[in-house]
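Numbering-wise, the sequence shown is residues 916 to 1016 according to our numbering. Written below as structure tokens is the structure these notes are about.
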Amino acid sequence: MQGDFLSSFLPLIVLFAIFWFLVIRPQQVQQKKHKAMVDALEKGDKIITNGGIICEVLKPEEDFIKVKLNDEVVVRLDRAFVAKKYEPLNTQSKEAESKLK
């Protein structure tokens, strides 16, 4: 009776383990990296919002970030809407060239 119980749940346990390592764990790692990136934002950093707007960080606050869209427009952006840090192609290519030298 005990062997039947274990053998009937073994496939479910294996499926859960596969699901954990292929879906849940990578998503948790990605969330931690994103949170660390958002927490490390400083004045002058350029970011891309979830809406695709490129803006410059003026003042990181606890729940919001003050960003400058252009010379005249300053808005507050919720930290959850920061997609990624923006690095222009010129900066990336210069860094790659300096590593090659």
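Ideal placement from N, C-alpha and C gives every residue a C-beta, glycine not left out.
Nearest by alpha-carbon distance to residue i: which of the options is it?
i, options, result
"Glu-971", "Leu-937, Arg-991, Asp-978", "Arg-991"
"Asn-965", "Ala-998, Arg-994, Phe-920, Asp-978", "Ala-998"
"Glu-977", "Val-953, Lys-1000, Gly-967", "Val-953"
"Glu-1002", "Pro-941, Lys-948, Ile-963, Val-938", "Ile-963"
"Asn-985", "Phe-979, Leu-973, Lys-948", "Leu-973"
Between the C-alpha atoms of residue i and residue j, what's the straight-line distance to the nearest angstrom?
i, j, result
"Ala-932", "Gln-946", "20 angstroms"
"Arg-994", "Lys-981", "10 angstroms"
"Leu-921", "Leu-930", "14 angstroms"
"Pro-975", "Asn-1005", "26 angstroms"
"Glu-987", "Leu-956", "21 angstroms"
"Leu-894", "Gln-943", "This structure leaves residue 894 out entirely; the chain is present only between 916 and 1016."
"Phe-924", "Val-989", "57 angstroms"
"Arg-940", "Phe-934", "9 angstroms"
"Gly-967", "Phe-936", "31 angstroms"
"Ala-951", "Lys-1000", "12 angstroms"
"His-949", "Phe-996", "11 angstroms"
Assuming residue i and residue j form a contact by the criterion Cβ under 8 angstroms, report the distance between their Cβ atoms to the nearest whole angstrom.
i, j, result
"Ile-969", "Lys-961", "6 angstroms"
Kindly indicate which three-state DSSP category residue i falls into: helix, strand or coil?
i, result
"Asp-919", "helix"
"Pro-941", "helix"
"Pro-975", "strand"
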